[in-house]
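K.L.:
The numbering of the sequence shown is the UniProt record's numbering, which starts it at 1 and goes up by one. Every residue gets a Cβ at the ideal spot worked out from N, C-alpha and C, and that includes glycine. The structure displayed is predicted, hence computed values, not measured ones. The structure that follows is given in the form of structure tokens.
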Amino acid sequence: MIALDATILIAYLDDTDPHHATATALLAEQAGSPFATSALALAETLVRPVVRGAADRVIDILVSQLEITAVPTMGSEAPRLAEIRAHTGLKMPDCCVLLAAERVSASKLATFDERLARVAADRGLAVLPGTN
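Rendered as structure tokens:
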């Protein structure tokens, strides 16, 4: 299982993003592995499409075509989420991705965020595609 950060999804969807080619290649290369992301990362990814009126099309791409599972954060997980935030200093959206990775027992995390990549590696996750 590969946990995906919003940076990967946003870059994949935006062909003007400097990381678009890398994100597209990464998702194609890893297509045999299941993907997951936090519900918050999915919401972050959908902000621009919502503004443009393209949210349904983007959801179809992410959920139907790429088969990305959105992992919700349950109320009972608030203490664990707070613990991740307190121990890592990461912003809450990144903590949600780490929590999602834990919940689905991901072995890899894909991100273009250097801080998130470092924390993920320190927690034993293989980081894709590496940081730029």
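If you draw a straight line from the C-alpha of residue 111 to the C-alpha of residue 120, how long is it?
P.N.:
Cα-Cα distance, rounded: 10 Å.
K.L.:
Across the stretch 35-51 and the stretch 4-18, are there enough close Cβ pairs to call them in contact, namely three or more that are closer than 8 Å?
P.N.:
Enough Cβ pairs lie closer than 8 Å, so yes.
K.L.:
Can you tell me whether DSSP reads residue 3 as helix, strand or coil?
P.N.:
In the structure shown, residue 3 sits in a strand (DSSP, three-state: E or B).
K.L.:
Provide the residue span of the beta strand (DSSP E) that contains residue 37, from first to last.
P.N.:
That run of the beta strand (DSSP E) goes 35-38.
K.L.:
Pick out whichever of 23, 20, 12, 41 has its Cα sitting closest to the Cα of residue 70.
P.N.:
Among 23, 20, 12, 41, the Cα nearest to that of residue 70 is on 41.
K.L.:
Using the beta-carbon count (16 or more within 10 Å), is residue 44 buried or exposed?
P.N.:
Label assigned to residue 44: buried.
K.L.:
How close, in whole Å, do the beta carbons of residue 128 and residue 26 come, if the pair is a contact with beta carbons under 8 Å?
P.N.:
That belief holds up - the Cβ atoms of residue 128 and residue 26 are roughly 6 Å apart, short of 8 Å.
K.L.:
Excluding the five sequence neighbours on either side, which residues of its own chain have a C-beta within less than 8 Å of the C-beta of residue 58, listed in chain order?
P.N.:
Correct list, in chain order: 13, 45, 46, 49.
K.L.:
Mapping the DSSP letters down to three states, classify residue 71 as helix, strand or coil.
P.N.:
It is a strand residue.
K.L.:
Rounded to the nearest angstrom, what separates residue 62 and residue 95 at their Cα positions?
P.N.:
In a straight line, the C-alpha of residue 62 is about 21 Å away from that of residue 95.
K.L.:
So, under 8 Å CB-CB, residue 116 and residue 97 are touching, yes? Tell me the CB distance rounded to an integer number of Å.
P.N.:
Right, their Cβ atoms sit about 7 Å apart.
K.L.:
What does the Cβ neighbour count give for residue 16, buried or exposed, with the cut at 16 atoms within 10 Å?
P.N.:
The residue is exposed, with fewer than 16 neighbouring Cβ atoms inside 10 Å.
K.L.:
Pull up the distance between the alpha-carbon of residue 102 and that of residue 85, whole angstroms please.
P.N.:
Between residue 102 and residue 85, the C-alpha separation is close to 14 Å.
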